[in-house]
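One structure below.
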Amino acid sequence: MDWAKAKTILIITFLILNVFMLGMTVFISTNMSFTDDYIKYSKDYLASRNIEIKANIPDISGYTGKVLYSIREYDTDALCRVVFGKELPISDNGSGINIVVGEEIINISEDELYIKDKIPEGEIWFRDKTAFEDGIIEYLKNIGFDKSELLPEKSYESEHLKEMVYNIRYKNFRVFDQRITAQLSKEGFLILTAPNKIIKKDNGKGEVISIYQILVMGGLPSNIVIENIDIGYRRISEGDLYGVPVWRIQLDDGTIMFYNGFTGEKLDWRR
Numbered sequence: 072m073d074w075a076k077a078k079t080i081l082i083i084t085f086l087i088l089n090v091f092m093l094g095m096t097v098f099i100s101t102n103m104s105f106t107d108d109y110i111k112y113s114k115d116y117l118a119s120r121n122i123e124i125k126a127n128i129p130d131i132s133g134y135t136g137k138v139l140y141s142i143r144e145y146d147t148d149a150l151c152r153v154v155f156g157k158e159l160p161i162s163d164n165g166s167g168i169n170i171v172v173g174e175e176i177i178n179i180s181e182d183e184l185y186i187k188d189k190i191p192e193g194e195i196w197f198r199d200k201t202a203f204e205d206g207i208i209e210y211l212k213n214i215g216f217d218k219s220e221l222l223p224e225k226s227y228e229s230e231h232l233k234e235m236v237y238n239i240r241y242k243n244f245r246v247f248d249q250r251i252t253a254q255l256s257k258e259g260f261l262i263l264t265a266p267n268k269i270i271k272k273d274n275g276k277g278e279v280i281s282i283y284q285i286l287v288m289g290g291l292p293s294n295i296v297i298e299n300i301d302i303g304y305r306r307i308s309e310g311d312l313y314g315v316p317v318w319r320i321q322l323d324d325g326t327i328m329f330y331n332g333f334t335g336e337k338l339d340w341r342r
């Protein structure tokens, strides 16, 4: 073997590798500087329009995919045991399931599960917020929802009503159009609605637009305060098979705005 020639080849290889690594370092540093400059420009621009951000900015990967929605298969025997205390014969005529026993109801439509149930411990739940929250989690577990897939969205209480709202979680992302609402009356009646859809899988990957691009280019009005910013999934239109990443911006006056995470397009607000 010609060791001198081999040595020369190794030296040239290491030189090329070092040049490549130097180039990558310069590129990353330049790109980071550009990102920092854009964030500074964005904040200055927003301040000039009296747009105050009180929210934390989520730190996410720049790439994520669409998600596929499918029908959620509820265990109707389990539903009947929870609501009516026993299993009942059920027939699906193609337009959904509707069972009424006295004042208690189970209705499963194409998009939603609806339950009305007289809770034996309902009056205790109503008096004790913790008992209500724990009771709802256990109730949801009994009809097929794991605690790990629930993200609290909001709560409300008045003299006659208590309410808890959850979003479904998918891989640490909130699914904005998949909501569970539980309302408890003072008399102990529970009204619960839950989605009849489930997310099955991701479908490909795309680059998510920076929230700073949304804040600058999204047509926000002047003189506002942004209370919360988060990102999750949502279908663009009712009936879509796929959901996309979306940015949600919430203002201090309760206004909610959604933006397509791939295109930056402002979306219609809906529950």
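Just add 71 to wherever you are in the sequence shown, counting from 1, and you've got our numbering.
By construction, the Cβ of each residue, glycine as well, lies at the ideal position given by its N, Cα and C atoms.
Here the structure is a predicted model, which means the values were calculated and not measured.
Is there a Cβ of chain C sitting closer than 9 Å to that of residue i, yes or no?
i, result
"G165", "Protein chain content of the structure displayed is limited to a single chain, and chain C is not contained in it."
Taking 6 Å as the limit between beta carbons, can you name the residues of its chain near residue i, skipping five residues before and five after?
i, result
"A265", "L184, I251"
"T218", "Note that residue 218 corresponds to Lys in the displayed sequence, not to Thr. Excluding positions up to five away in sequence, the list reads I208."
"N213", "V153"
"K271", "L139, S141"
For residue i, collect the residues of the same chain with a Cβ closer than 7 Å to its Cβ; drop the 5 residues on either side in sequence, then sort them by chain order.
i, result
"L338", "I307, V317, F329, Y330, N331"
"K189", "E174, E175, G259, F260"
"K225", "V236"
Ordered along the chain, which non-local residues of its own chain (more than five positions away) have a Cβ less than 8 Å from that of residue i?
i, result
"F333", "G277, E278, V279, I280, V315, P316"
"G275", "G136, K137"
"I343", "Summary: the structure shown does not reach residue 343, with the chain confined to residues 72 through 342, and so no result is reported for it."
Comparing alpha-carbon positions, which option in the options lies nearest residue i?
i, options, result
"G335", "L291, D324, G215, G173", "L291"
"Y116", "Y304, I300, P191, G289", "G289"
"Y313", "K137, A118, I131", "K137"
"D301", "E309, D205, L159, I282", "I282"
"L222", "I170, V246, R305, D324", "V246"
"P129", "N243, K257, W196", "N243"
"Q249", "R305, Q284, A126, T106", "R305"
"D324", "N299, E309, N213", "N299"
"R120", "N294, N127, Q254", "N294"
"C151", "K125, K257, D205, Y210", "Y210"
"T343", "L139, E192, S141, G156", "Limits of the chain in this structure are 72 at one end and 342 at the other, which puts residue 343 out of reach."
"E158", "S229, I177, I195", "I177"
"D311", "I142, E224, W196, E204", "I142"
"S256", "S229, D108, Q321", "S229"
"Y109", "Q321, L322, E224, V287", "V287"
"K187", "Y140, Q254, K272, I131", "Q254"
"F216", "I269, I122, G165", "I269"
"E144", "G167, K125, A126", "G167"
Count the other C-beta atoms from every protein chain shown that fall within 10 angstroms of the C-beta of residue i, then say buried if there are 16 or more, exposed otherwise.
i, result
"N238", "buried"
"Y241", "buried"
"V296", "exposed"
"Y112", "exposed"
"Y227", "exposed"
"T106", "exposed"
"V171", "exposed"
"A149", "exposed"
"G206", "buried"
"G193", "buried"
"G303", "buried"
"I285", "buried"
"I327", "exposed"
"I195", "exposed"
What does residue i pair with, by DSSP beta-bridge criteria?
i, result
"M235", "S226, A253"
"R240", "R245"
"A265", "L184"
"W318", "I302, Y330"
"G277", "T135"
Determine, using beta-carbon pairs with one atom in the stretch 254-269 and one in the stretch 182-200, whether at least three such pairs fall under 8 Å.
yes
Is it the case that the stretch 232-245 contacts the stretch 196-205, given that we only count it when at least three CB pairs across the two stretches are under 8 Å?
yes
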